[in-house]
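Colleague: In our numbering, the protein residues as written are 1053 to 1358. From the three backbone atoms N, C-alpha and C, an ideal C-beta is built for every residue, glycine too. Please read all numbers here as calculations on a predicted model, not as lab measurements. Questions regarding the structure given below will be posed in turn.
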């Protein structure tokens, strides 16, 4: 491959393309020296313009990836994406792979935090790479796939119905053009476009219903809501304030419960992904969540991480 210049991509992406450190396979000898077993998973097809095989040396006692590499056929930016993904996967346990997010991976590829790492037409390389490792996790743990996870609706994309719907939700996709950027689905195969539009419309309808429900909740003081609706109100407030920043850092939170203790409301949360290991999760992050909930819902809210 010819040297990629910074005119085509940013400095970091160009460097990873020109120096593909994790490109290649893992030999039996390498895995044995690491006390690990080999695991590989292939996604896509050369005929689609994208084929990725991930290679993991896995410590089976801990189900931890001790070395990650990949072999790949596709556009140049996919090399950078898979370079970063291999780096991120290394030393993670198999279940932790599911915590890797699109926003987190894309942000790691940026030179400038405000400028996307890839052209919009190449966003799909990130989506495909993440789809690969998450399907690999299912293969590794022998988790069965449901009908939508097994069904590929378009001939121009390896993505299943379930994965396409997940992308629509994750990126709030409202047009076929935007869906193509993230998934390539419908880029050439016109036969599947009607179904793709139906998935987009289904998501938009769900958003409208959620918006109506949020308006109804917002009209009632937090203190007057029943316990079930208080949890929903907390989730909505977090969605509209701090959640996007947590996800960009590869983390998230799960709202477990809301308990009334006299005049105080105790909100119990659990950190997910990168947040669970973050040094600020018990201080700065917790304070940010608490301040957001007090501002949006009730000044007597106290957040407790467990």
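Quick one: residues in its chain with C-beta nearer than 6 Å to the C-beta of residue 1325, no 5 flanking neighbours on either side, listed in chain order?
Modeller: What you label residue 1325 is simply residue 273 of the chain shown in a count that begins at 1. Only 1151, 1302, 1303 and 1304 meet the Cβ criterion.
Colleague: Going by alpha carbons, who is nearest to residue 1208 out of 1176, 1094 and 1169?
Modeller: In the chain shown, residue 1208 corresponds to position 156, counting from 1. Selected option, being the one with the closest Cα: 1176.
Colleague: Going by beta-carbon coordinates alone, are residue 1215 and residue 1183 separated by less than 7 Å?
Modeller: Against the chain shown, residue 1215 aligns to sequence position 163. Against the chain shown, residue 1183 aligns to sequence position 131. Taking 7 Å as the Cβ cut-off, residue 1215 and residue 1183 qualify as a contacting pair.
Colleague: So, using beta-carbon positions, are residue 1096 and residue 1086 closer together than 7 Å?
Modeller: By 1-based counting over the chain shown, the position of residue 1096 is 44. By 1-based counting over the chain shown, the position of residue 1086 is 34. No, these two residues do not count as a Cβ contact at 7 Å.
Colleague: Which residues in the same chain have their Cβ closer than 8 Å to the Cβ of residue 1223, if we skip the five residues on either side of it in sequence?
Modeller: Working through the chain shown from its first residue, we reach residue 1223 at position 171. So the list reads 1154, 1230 and 1234, once near-sequence residues are dropped.
Colleague: Classify residue 1250: buried if its beta carbon has 16 or more other beta carbons within 10 angstroms, exposed otherwise.
Modeller: Against the chain shown, residue 1250 aligns to sequence position 198. Classification for residue 1250: exposed.
Colleague: So residue 1076 packs on residue 1121, CB below 8 Å; how close in whole Å?
Modeller: Taking the chain shown and counting its residues from 1, the one referred to as residue 1076 is at position 24. Taking the chain shown and counting its residues from 1, the one referred to as residue 1121 is at position 69. Going by Cβ atoms, the distance from residue 1076 to residue 1121 rounds to 5 Å, so yes, they are a contact pair.
Colleague: May I have the straight-line CA-CA distance separating residue 1195 from residue 1107, to the nearest angstrom?
Modeller: For the purposes of this step, residue 1195 is identified with residue 143 of the chain shown, where counting begins at 1. For the purposes of this step, residue 1107 is identified with residue 55 of the chain shown, where counting begins at 1. Residue 1195 and residue 1107: Cα-Cα distance of roughly 19 Å.
Colleague: Pull up the distance between the alpha-carbon of residue 1311 and that of residue 1210, whole angstroms please.
Modeller: For the purposes of this step, residue 1311 is taken as residue 259 along the chain shown, with counting starting at 1. For the purposes of this step, residue 1210 is taken as residue 158 along the chain shown, with counting starting at 1. Distance between the alpha carbons of residue 1311 and residue 1210 is about 45 Å.
Colleague: Per DSSP, which one or two residues make a beta bridge with residue 1120?
Modeller: Counted from its first residue, the chain shown places residue 1120 at position 68. Note: residue 1120 sits in a beta bridge opposite 1108.
Colleague: Helix, strand or coil for residue 1265, going by three-state DSSP, please let me know.
Modeller: Sequence index remark: in the chain shown, residue 1265 carries index 213 (1-based). Correct three-state label for residue 1265: helix.
Colleague: Can you check which of these residues, 1297, 1271 and 1181, is closest to residue 1285 by C-alpha distance?
Modeller: Position 233 of the chain shown, counting from 1, holds the residue named residue 1285. When only C-alpha atoms are compared, the closest one is 1271.
Colleague: Quick one: using the 10 Å Cβ neighbour count with 16 as the cut-off for buried, is residue 1351 buried or exposed?
Modeller: The residue you call residue 1351 lines up with position 299 of the chain shown. Per the 10 Å Cβ criterion, exposed.
Colleague: Please name the residue, chosen from 1347, 1255, 1354 and 1283, that lies closest to residue 1314 on a Cα-to-Cα basis.
Modeller: Numbered from its first residue, the chain shown carries residue 1314 at position 262. Nearest option by C-alpha distance: 1354.
Colleague: Out of curiosity, what's the CA-to-CA distance linking residue 1346 and residue 1358?
Modeller: Residue 1346 sits at position 294 when you count from the first residue of the chain shown. Residue 1358 sits at position 306 when you count from the first residue of the chain shown. When rounded, the distance between both Cα atoms is 19 Å.
Colleague: Mind checking residue 1339: buried by the 16 CB within 10 Å criterion, or exposed?
Modeller: Position 287 of the chain shown, counting from 1, holds the residue named residue 1339. It counts as exposed.
Colleague: Can we count residue 1171 as close to the ligand GDP, meaning its CB is less than 6 Å from some heavy atom?
Modeller: Annotation note on the ligand GDP: not contained in the displayed structure, which lists no ligands.
Colleague: State the CB to CB distance for the pair residue 1083 and residue 1109, rounded to an integer number of angstroms; the pair is presumed to be in contact (CB under 8 Å).
Modeller: On the chain shown, position 31 is the one that residue 1083 refers to. On the chain shown, position 57 is the one that residue 1109 refers to. Indeed, because the Cβ distance is near 4 Å, the residues count as touching under 8 Å.
Colleague: At the level of alpha carbons, what is the spacing between residue 1260 and residue 1198?
Modeller: For this step, residue 1260 is matched to residue 208 along the chain shown. For this step, residue 1198 is matched to residue 146 along the chain shown. Distance between the alpha carbons of residue 1260 and residue 1198 is about 27 Å.
Colleague: Which residue or residues does DSSP assign as beta-bridge partners of residue 1286?
Modeller: Here residue 1286 refers to the residue found at position 234 of the chain shown. DSSP, once it has assigned bridges, lists no residue as partnering residue 1286.
Colleague: Check for me: the alpha helix (DSSP H) holding residue 1017 runs from which residue to which?
Modeller: Because the chain here runs from 1053 to 1358, residue 1017 falls outside it and cannot be looked at.
Colleague: If we ignore side chains and look at the alpha-carbon of each, how far apart do residue 1102 and residue 1343 end up?
Modeller: By one-based count along the chain shown, residue 1102 stands at place 50. By one-based count along the chain shown, residue 1343 stands at place 291. Their backbone Cα atoms lie some 45 Å apart in a straight line.
Colleague: Expressed to the nearest angstrom, what Euclidean distance is found between the alpha-carbon atoms of residue 1293 and residue 1165?
Modeller: Stepping through the chain shown from its first residue, residue 1293 is reached at position 241. Stepping through the chain shown from its first residue, residue 1165 is reached at position 113. Straight-line Cα distance between these residues: approximately 19 Å.
Colleague: Would you grab the beta carbon distance between residue 1178 and residue 1201 for me? Rounded to a whole angstrom, and I think it's under 8 Å.
Modeller: Taking the first residue of the chain shown as 1, we reach residue 1178 at position 126. Taking the first residue of the chain shown as 1, we reach residue 1201 at position 149. The pair is not a contact, with the Cβ atoms about 20 Å apart (cut-off 8 Å).
Colleague: Is residue 1320 near residue 1356, with beta carbons less than 7 Å apart?
Modeller: Taking the chain shown and counting its residues from 1, the one referred to as residue 1320 is at position 268. Taking the chain shown and counting its residues from 1, the one referred to as residue 1356 is at position 304. Result yes, Cβ atoms of residue 1320 and residue 1356 sit closer than 7 Å.
Colleague: Give the secondary structure of residue 1160 by DSSP, where H, G and I count as helix, E and B as strand, and everything else as coil.
Modeller: The count along the chain shown starts at 1 and reaches residue 1160 at position 108. Of the three classes helix, strand and coil, the one that applies to residue 1160 here is helix, per DSSP.
Colleague: Assign residue 1129 to buried or exposed, taking buried as 16 or more other Cβ atoms, counted over all protein chains shown, within 10 Å of its Cβ.
Modeller: On the chain shown, position 77 is the one that residue 1129 refers to. Per the 10 Å Cβ criterion, buried.
Colleague: Excluding five sequence neighbours on each side, which residues of the same chain lie with their C-beta closer than 8 Å to the C-beta of residue 1078?
Modeller: Working through the chain shown from its first residue, we reach residue 1078 at position 26. These residues qualify, in order along the chain: 1090, 1107, 1108, 1109, 1119 and 1121.
Colleague: Leaving out five residues on either side along the sequence, give the residues of the same chain with a beta carbon under 7 Å from the beta carbon of residue 1368.
Modeller: Because the chain in this structure spans residues 1053 to 1358, residue 1368 falls outside the shown range and cannot be described.
Colleague: Can you tell me where the alpha helix (DSSP H) holding residue 1061 begins and where it ends?
Modeller: The sequence position of residue 1061 within the chain shown is 9, counting from 1. Careful: residue 1061 lies outside any alpha helix (DSSP H) and carries neither H nor E.
Colleague: Sort 1274, 1291 and 1335 by Cα distance to residue 1263 and report the nearest one.
Modeller: In the chain shown, counting from the first residue as 1, residue 1263 sits at position 211. That would be 1291, whose Cα lies nearest to the Cα of residue 1263.
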